[in-house]
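*Asks:* Before I ask anything, here is the structure I am working with.
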Amino acid sequence: MKDFFVVILKLKIYTSLRVSIHKHISNPEQFKLQLLSWSQQFREIVFLDSNSYPQEYSSFDCLLAVDAFTSIKTDFQNAFEDLKQYQQTTKDWLFGYLSYDLKNDIEDLKSDNFDGLDFPDLFFFQPKKIFLLKGNELEIEYLFLCDDEVEDDFKEIVESESGSLGTKVESASSLEIQQRISKDLYVEKVTKMLEHIHKGDMYEGNFCMEFFAENATIYPFEKFQKLNEISKAPFSVFFKNNKQFLLSASPERYLKKVGDKIISQPIKGTSKRSADPSEDEKSKHFLENDPKERAENIMITDLVRNDLSHTAQKGSVEVEELCGIYSFLQVHQMISTITSKLDKQYSPVDVLRTTFPMGSMTGAPKISVMKIIENLEETKRGLYSGAIGYFNPEGDFDFNVVIRSILYNQENKYVSFSVGSAITSLSDPEKEYEECLLKAKAMHEVLQ
Numbered sequence: 010m011k012d013f014f015v016v017i018l019k020l021k022i023y024t025s026l027r028v029s030i031h032k033h034i035s036n037p038e039q040f041k042l043q044l045l046s047w048s049q050q051f052r053e054i055v056f057l058d059s060n061s062y063p064q065e066y067s068s069f070d071c072l073l074a075v076d077a078f079t080s081i082k083t084d085f086q087n088a089f090e091d092l093k094q095y096q097q098t099t100k101d102w103l104f105g106y107l108s109y110d111l112k113n114d115i116e117d118l119k120s121d122n123f124d125g126l127d128f129p130d131l132f133f134f135q136p137k138k139i140f141l142l143k144g145n146e147l148e149i150e151y152l153f154l155c156d157d158e159v160e161d162d163f164k165e166i167v168e169s170e171s172g173s174l175g176t177k178v179e180s181a182s183s184l185e186i187q188q189r190i191s192k193d194l195y196v197e198k199v200t201k202m203l204e205h206i207h208k209g210d211m212y213e214g215n216f217c218m219e220f221f222a223e224n225a226t227i228y229p230f231e232k233f234q235k236l237n238e239i240s241k242a243p244f245s246v247f248f249k250n251n252k253q254f255l256l257s258a259s260p261e262r263y264l265k266k267v268g269d270k271i272i273s274q275p276i277k278g279t280s281k282r283s284a285d286p287s288e289d290e291k292s293k294h295f296l297e298n299d300p301k302e303r304a305e306n307i308m309i310t311d312l313v314r315n316d317l318s319h320t321a322q323k324g325s326v327e328v329e330e331l332c333g334i335y336s337f338l339q340v341h342q343m344i345s346t347i348t349s350k351l352d353k354q355y356s357p358v359d360v361l362r363t364t365f366p367m368g369s370m371t372g373a374p375k376i377s378v379m380k381i382i383e384n385l386e387e388t389k390r391g392l393y394s395g396a397i398g399y400f401n402p403e404g405d406f407d408f409n410v411v412i413r414s415i416l417y418n419q420e421n422k423y424v425s426f427s428v429g430s431a432i433t434s435l436s437d438p439e440k441e442y443e444e445c446l447l448k449a450k451a452m453h454e455v456l457q
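For the sequence shown, the residue numbers in the numbering used here are 10 to 457.
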C-alpha cells in the first residue's frame, strides 16, 4: 500500500513561499481551545500542545497544522527512503507519524498480530495552514495559494466560543472496554519474558497489552479535551487523518533535532501520585532510589547512546541528565536526556531510521527483544509506541513517543489504547501488571 500525493510542479512554485503573519494573543489558553475547535472542519489535523509544562528543549507552546496540500501514505516497505525523498523534495513543514511497525523496514522482522485499527504504517502531510504559538505571540504561516484566507480564518477563530465548533453532544451510553490479555495470561507471558532474560536472550523488554471497544462511537474532540485536562502532558497531540484519530497525552519525547544537535529523552520508571503531599513525596523519593527503576532507565540510556552514535560526530554523544525525576498530574516519571551532534553526511530521516523504534518501547538488545515481544503480545502495536511530530523547512524536527494515547478508527468503530512496562530480571509480574493499570487509568476514565 503506497499512495503519493506529491504534486511536483506545484511544489516548485509554493513550498518556499509561505506568507508569515504575526499576531499578539492576550489569552493563549483560550486561544488554543478556539484553535483546536476551529480545526475540526478539516480532513487532516495535527494539534501539538505542551500544556505549559516547564522543559528546557521546548520550541513552541502549541502548533496546529491543517489541510493537506501534499501527503505521503505508505506501508513499511522502503518507508524511510520514501519519507527521506518526500522531506528533501518539499523542504517545507511536514506533520505526521511513524508507526512502530516500521521496524520491519529496518530489520528482518514482521508484524502478524491482530490489528483492529488498520492505520497506514506511515503518514505525513504538507499543510496549507500552520499556527505556531509561543507565549502571547502567534505566527501564522499559509501557503501562498491560500494566503488570502488568513484574516477571515483568524477572525472566525477568535470570535468563536472555545469548543463550540465542530463538536457534538456526547452520547450518554458508555463503552464496553475489554482487556485483550487477562491478568492470569499477563503474568504467564511476563514469566516467559523472565525466562528469556535468565537464558540471556535479552536484558530488558517492554511488554504491552491492549484495551479496546468494538462498535464504538466516540467524539474525538471531546475525548481529547477530557484526556488533556486530566493529564496536562508536555507532548499532547490531537491527530486526524479523515476517519482515523490519535488522542495523545504523552509525557515522552522520542527525538528532537535543532541544527546539528540531537536530543533524546527516554522515560523508564514510574510511580503513582498521591493527593497527600507527604505520601506523594515518599512515592517520588522511592522512584528516585529504586534500584530496579534505575537499572531500567540506565539500560535504555545506554541503548539510546548506541543508537545516536550511528549518525553522530565522533565523541559527541553525551548524557546530559541521568535518571531525573519529573512529576505529571497522574504519575512521577524517571527521565534521562542524551544528546549528540549530527555528522553532516547524514540526513534528518537517517537519524530517525537509525534510532527507531525508540529504546524505551523495545528493550535491549533491541532486535532480539522485538522478536520476543512480537511473539508474546496479542495485538499489532501500529501507531502505539510509534512517534508523531513534525519537520520544519530547515530539516529540524521534534517527535514524541505515542504512549498514554487513545486510537480510534471511526469507520471501523474500533477504539483502542495500550499500556506497557519494562521487564527486567528484578521484575515481579504482579507489580508490573499493577503499573500497567496505573498507566491505563486516564484513558479508561476518559472513555468510560
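Where is the CB? At the ideal position from N, CA and C, for every residue including glycine.
Do three or more CB pairs link the segment 312-329 to the segment 230-250 at distances below 8 Å?
*Replies:* With the cut-off at 8 Å, the segment 312-329 and the segment 230-250 do not touch.
*Asks:* Quick check on the burial criterion: 16 or more other C-beta atoms within 10 angstroms. Buried or exposed for residue 173?
*Replies:* Locating residue 173 in the sequence shown gives position 164, counting from the first residue. Confidence at residue 173 is low in this model, with a pLDDT of 46, below 50, so its placement is unreliable and no value can be given for it.
*Asks:* Under 8 Å by Cβ, that's how I've got residue 439 and residue 430 pegged, so tell me the actual separation to the nearest angstrom.
*Replies:* Against the sequence shown, residue 439 aligns to sequence position 430. Against the sequence shown, residue 430 aligns to sequence position 421. Not quite, the Cβ-Cβ distance comes to about 12 Å (not below 8 Å), so this is no contact.
*Asks:* Which of the three DSSP states, helix, strand or coil, is assigned to residue 137?
*Replies:* In the sequence shown, counting from the first residue as 1, residue 137 sits at position 128. Here residue 137 sits in strand by DSSP.
*Asks:* Roughly how many angstroms separate the alpha carbons of residue 371 and residue 194, rounded to a whole number?
*Replies:* Here residue 371 refers to the residue found at position 362 of the sequence shown. Here residue 194 refers to the residue found at position 185 of the sequence shown. Between residue 371 and residue 194, the C-alpha separation is close to 20 Å.
*Asks:* In whole angstroms, what is the alpha-carbon distance linking residue 74 and residue 33?
*Replies:* If you number the sequence shown from 1, residue 74 lands on position 65. If you number the sequence shown from 1, residue 33 lands on position 24. Rounded to the nearest angstrom, the two C-alpha atoms are 19 Å apart.
*Asks:* What residues match up with residue 272 in a beta bridge as DSSP calls it?
*Replies:* Position 263 of the sequence shown, counted from the first residue, corresponds to residue 272. DSSP, once it has assigned bridges, lists 265 and 348 as partnering residue 272.
*Asks:* Check residue 17 in the structure and name its three-state DSSP category.
*Replies:* One-based indexing of the sequence shown puts residue 17 at position 8. With a pLDDT of 34 at residue 17, under the threshold of 50, the modelled position of that residue is not reliable, and the figure given next carries that caveat. It is helical.
*Asks:* Within 8 Å, do at least three Cβ pairs link the segment 409-423 to the segment 207-227?
*Replies:* Yes, they touch.
*Asks:* Using CA atoms only, rank isn't needed, just tell me which of 283, 120 and 262 is closest to residue 346.
*Replies:* Along the sequence shown, one-based indexing puts residue 346 at 337. Nearest of 283, 120 and 262 to residue 346, Cα basis: 262.
*Asks:* Using 8 Å for Cβ pairs, my map puts residue 158 next to residue 31. What's the rounded Cβ distance?
*Replies:* Start at 1 with the first residue of the sequence shown, and residue 158 comes out as number 149. Start at 1 with the first residue of the sequence shown, and residue 31 comes out as number 22. About 17 Å; that fails the 8 Å criterion.
*Asks:* Which ranges would you report for the alpha helix (DSSP H) in the segment 371-418 if only whole runs of at least 4 residues count?
*Replies:* Complete alpha helix (DSSP H) runs here, min 4: 375-385.
*Asks:* As an exercise, report each continuous alpha helix (DSSP H) stretch of at least 4 residues that is fully enclosed by the segment 10-95, in chain order.
*Replies:* 17-23 and 37-48
*Asks:* Just the Cα atoms here: how many angstroms apart are residue 4 and residue 282?
*Replies:* Nothing can be reported for residue 4: it is not among the residues displayed for the chain, which extend from 10 to 457.
*Asks:* Is the segment 255-274 in contact with the segment 393-411, if contact means three or more CB pairs nearer than 8 Å?
*Replies:* Taking 8 Å as the limit for Cβ pairs, the verdict is that the segment 393-411 does touch the segment 255-274.
*Asks:* Look at the alpha carbon of residue 179 and the alpha carbon of residue 198, and state the distance between them as a whole number of angstroms.
*Replies:* As a position in the sequence shown, residue 179 is number 170, starting the count at 1. As a position in the sequence shown, residue 198 is number 189, starting the count at 1. Low confidence applies here, because residue 179 scores a pLDDT of 49, under 50, leaving its location unreliable; read the following figure in that light. So the two alpha carbons sit approximately 38 Å from each other.
*Asks:* For residue 218, list the residues DSSP reports as bridge partners.
*Replies:* Residue numbering aside, residue 218 sits at position 209 when the sequence shown is read from its first letter. Paired residues: 428.
*Asks:* Output the distance between the C-alpha atoms of residue 169 and residue 38, rounded to the nearest integer angstrom.
*Replies:* Position 160 of the sequence shown, counting from 1, holds the residue named residue 169. Position 29 of the sequence shown, counting from 1, holds the residue named residue 38. Approximately 14 Å, taken between the alpha carbons.
*Asks:* Keeping to the same chain, check which residues put their C-beta closer than 6 Å to that of residue 450; ignore five residues upstream and five downstream.
*Replies:* Against the sequence shown, residue 450 aligns to sequence position 441. There are no such residues.
*Asks:* Less than 7 Å between the C-beta atoms of residue 82 and residue 140, yes or no?
*Replies:* For the purposes of this step, residue 82 is taken as the residue at position 73 of the sequence shown. For the purposes of this step, residue 140 is taken as the residue at position 131 of the sequence shown. No. Outside cutoff.
*Asks:* Measuring straight from C-alpha to C-alpha, what distance separates residue 413 and residue 119?
*Replies:* Taking the first residue of the sequence shown as 1, we reach residue 413 at position 404. Taking the first residue of the sequence shown as 1, we reach residue 119 at position 110. Each residue's Cα considered, the two are about 24 Å apart.
*Asks:* Counting C-beta neighbours from all protein chains within 10 Å, is the total for residue 52 16 or more, i.e. buried, or is it exposed?
*Replies:* To locate residue 52, count along the sequence shown from 1; it is residue 43. With fewer than 16 other Cβ atoms within 10 Å, it is exposed.
*Asks:* Which residue or residues does DSSP assign as beta-bridge partners of residue 107?
*Replies:* Indexing the sequence shown from 1 puts residue 107 at position 98. According to DSSP, which records beta bridges pairwise, residue 107 is partnered with 131 and 396.
*Asks:* Below 7 Å between beta carbons: does that hold for residue 130 and residue 84?
*Replies:* Position 121 of the sequence shown, counting from 1, holds the residue named residue 130. Position 75 of the sequence shown, counting from 1, holds the residue named residue 84. Against a cut-off of 7 Å, the Cβ pair of residue 84 and residue 130 comes out as a contact.
*Asks:* Taking 7 Å as the cut-off, decide whether the C-beta atoms of residue 359 and residue 388 are in contact.
*Replies:* The residue you call residue 359 lines up with position 350 of the sequence shown. The residue you call residue 388 lines up with position 379 of the sequence shown. Result no, Cβ atoms of residue 359 and residue 388 do not sit closer than 7 Å.
*Asks:* Is residue 446 buried or exposed, if buried means 16 or more other CB atoms sit within 10 Å of its CB?
*Replies:* Taking the first residue of the sequence shown as position 1, residue 446 is located at position 437. Residue 446 comes out exposed.
*Asks:* Taking residue 211 as the reference, which of 373, 396, 392 and 380 has the closest Cα?
*Replies:* Along the sequence shown, read from residue 1 onward, the residue named residue 211 stands at position 202. Closest by alpha carbon: 373.
*Asks:* Write down the C-beta distance between residue 367 and residue 275 rounded to the nearest angstrom, noting that I regard them as a contact closer than 8 Å.
*Replies:* Position 358 of the sequence shown holds residue 367. Position 266 of the sequence shown holds residue 275. Confirmed, about 7 Å.
*Asks:* Which of the three DSSP states is assigned to residue 334 in this structure?
*Replies:* The residue given as residue 334 occupies position 325 in the sequence shown. In this structure, residue 334 counts as strand in the three-state DSSP scheme.
*Asks:* Here's a check: name, in chain order, each residue in its chain whose Cβ is nearer than 7 Å to the Cβ of residue 47, leaving out the five neighbours to either side.
*Replies:* If you number the sequence shown from 1, residue 47 lands on position 38. Contacts found: 165, 166, 169 and 174.
*Asks:* Between the beta-carbon of residue 410 and the beta-carbon of residue 248, is there less than 7 Å?
*Replies:* Taking the first residue of the sequence shown as position 1, residue 410 is located at position 401. Taking the first residue of the sequence shown as position 1, residue 248 is located at position 239. For residue 410 and residue 248, no; Cβs fall outside 7 Å.
*Asks:* In angstroms, rounded to a whole number, what distance separates the CA positions of residue 69 and residue 156?
*Replies:* As a position in the sequence shown, residue 69 is number 60, starting the count at 1. As a position in the sequence shown, residue 156 is number 147, starting the count at 1. Going by the C-alpha atoms only, they are around 22 Å apart.
*Asks:* Compare the C-beta of residue 135 against all C-beta atoms of chain C and say whether one is closer than 7 Å.
*Replies:* Judged by its chain identifiers, the structure shown contains no chain C, having just a single protein chain.
*Asks:* Would you kindly work out how many angstroms separate the C-alpha atoms of residue 137 and residue 190, rounded to a whole number?
*Replies:* Taking the first residue of the sequence shown as 1, we reach residue 137 at position 128. Taking the first residue of the sequence shown as 1, we reach residue 190 at position 181. Looking at the two C-alpha atoms, the distance is approximately 42 Å.
*Asks:* What are the start and end residues of the alpha helix (DSSP H) that includes residue 197?
*Replies:* Residue numbering aside, residue 197 sits at position 188 when the sequence shown is read from its first letter. Element bounds for residue 197: 192-208.
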